[in-house]
Amino acid sequence: MEEQKKKGFPYIKVIIGLAAAVFIVQVLTGDRMWFSDEPPLQVISDMDNQFKVKQQVGSIFFSDRKGDRDPLPNTFPRGGVQYPLDKSDFEKADSVNGTNPLPASEFVLARGKNRFETMCSPCHNNDGQGNGEVVKRGFQNPPNLRADLTKGKSDALLFHVISSGQNIMPSYADKLSENDRWTVIHYVRQMQAEGVKEVKQASK
Numbered sequence: 026m027e028e029q030k031k032k033g034f035p036y037i038k039v040i041i042g043l044a045a046a047v048f049i050v051q052v053l054t055g056d057r058m059w060f061s062d063e064p065p066l067q068v069i070s071d072m073d074n075q076f077k078v079k080q081q082v083g084s085i086f087f088s089d090r091k092g093d094r095d096p097l098p099n100t101f102p103r104g105g106v107q108y109p110l111d112k113s114d115f116e117k118a119d120s121v122n123g124t125n126p127l128p129a130s131e132f133v134l135a136r137g138k139n140r141f142e143t144m145c146s147p148c149h150n151n152d153g154q155g156n157g158e159v160v161k162r163g164f165q166n167p168p169n170l171r172a173d174l175t176k177g178k179s180d181a182l183l184f185h186v187i188s189s190g191q192n193i194m195p196s197y198a199d200k201l202s203e204n205d206r207w208t209v210i211h212y213v214r215q216m217q218a219e220g221v222k223e224v225k226q227a228s229k
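Residue 53 in the numbering used here is what sits at position 28 of the sequence shown, and the numbering runs on without skipping anything.
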């Protein structure tokens, strides 16, 4: 009996050792245990902790503290087209940009509304009358898009202003594709035609 007990004893050590090993592995691999609310010790972070620029926090990697890098001069996105006119080339807008190539379909108007409310409304407001949130915070009023002055401008000229900017308005060529710029113009025309009424969706 004593010899059998001596032979069985090492197996108990092995079982205890394996259990301890499993416990240690669970702790070190990041499993949250029942006995603590503290974050686990992570040997492998699984990309939980990344070196990244967070919102409203300057980059510590670049000297200018900007997280996004400015594109190199004279470059444009793959598949994109660089707008050929400068900000002051108003007289060339009609000949270069031509007429709106998109139909005023339901989809185009819906897309234009979405892009306008996303990109344009902070300044122009959702109703296009130039009293957006940035104006309420003390910035200069942009033009009223429902006013006769804007109504009288051609689609090509509006496309030029969106693409190159005007006065304190920056270019939106890097934020809106060519088609999106044309959809915004369709939506602006609908706002002008409908006055203060809600824009109606055109039939396909």
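Ideal placement from N, C-alpha and C gives every residue a C-beta, glycine not left out.
Since the model is a prediction, treat every value here as computed from it, not as a measurement.
CB contact flag (residue i, residue j, <8 Å)
i	j	result
residue 147	residue 137	no
residue 210	residue 197	no
residue 154	residue 169	yes
residue 181	residue 119	yes
residue 127	residue 204	yes
residue 162	residue 217	no
residue 78	residue 70	no
Three-state secondary structure (DSSP) of residue i
i	result
residue 217	helix
residue 194	strand
residue 143	helix
residue 211	helix
residue 189	helix
residue 204	helix
residue 183	helix
residue 127	coil
residue 35	helix
residue 138	helix
Closest Cα partner of residue i within the set the options
i	options	result
residue 177	145, 161 and 214	214
residue 111	85, 207, 140 and 185	185
residue 160	145, 172, 114 and 217	145
residue 97	88, 107 and 193	107
residue 233	162, 91 and 74	Only positions 26 to 229 of the chain appear in this structure, which leaves residue 233 out of reach.
residue 109	219, 195, 189 and 199	189
residue 165	175, 149 and 174	149
residue 199	99, 37 and 72	99
Sequence-distant residues of the same chain with beta carbon closer than 6 Å to residue i, five excluded per side
i	result
residue 206	184 and 187
residue 151	142
residue 37	none
Residues of its chain near residue i, where Cβ-Cβ distance is below 7 Å and the 5 sequence neighbours each way are ignored
i	result
residue 125	180, 207, 210 and 211
residue 46	none
residue 122	181, 184 and 185
residue 39	none
Neighbourhood of residue i by C-beta distance below 8 Å, restricted to the same chain and skipping five residues each side
i	result
residue 94	87
residue 201	140, 144, 187 and 209
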